[in-house]
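Visitor: Position 1 of the sequence shown, counting from 1, maps to 1 under my numbering, and the rest follow consecutively.
Quick one: structure below, then a few questions.
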Amino acid sequence: MVKFGGVNAQIVSWTYHTITFVLPNLSPGQYPVFVEKNGERVSFQVNFTISTP
């Protein structure tokens, strides 16, 4: 599971270096992004900025 802050993203595809996903509507801003597996965080938290087109 990929989360932006507390919001779950729907994963479309997952390859070695790239995760493609669909997000629900989020306000622009910075979100902590991390990956969970079986409810446990498995990657370091990275800040990710979301902006509107």
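For every residue, glycine included, the Cβ atom is placed at its ideal position computed from N, Cα and C.
Predicted model only: the values in this text are computed from it and were never measured.
For residue 28 and residue 22, what's the separation of their Cα atoms in angstroms?
Guide: Going by the C-alpha atoms only, they are around 15 Å apart.
Visitor: In angstroms with no decimal places, state the Cα-to-Cα distance between residue 25 and residue 11.
Guide: The alpha-carbon atoms of residue 25 and residue 11 are separated by roughly 15 Å.
Visitor: Along the beta strand (DSSP E) that carries residue 27, what are the first and last residues, could you check?
Guide: Looking at the DSSP string, residue 27 is not in any beta strand (DSSP E), and its letter there is neither H nor E.
Visitor: Given this structure, state the Cα-to-Cα distance separating residue 31 from residue 41, to the nearest angstrom.
Guide: Approximately 16 Å, taken between the alpha carbons.
Visitor: Please report the residue range of the beta strand (DSSP E) in which residue 13 lies.
Guide: Per DSSP, residue 13 belongs to the beta strand (DSSP E) from 7–14.
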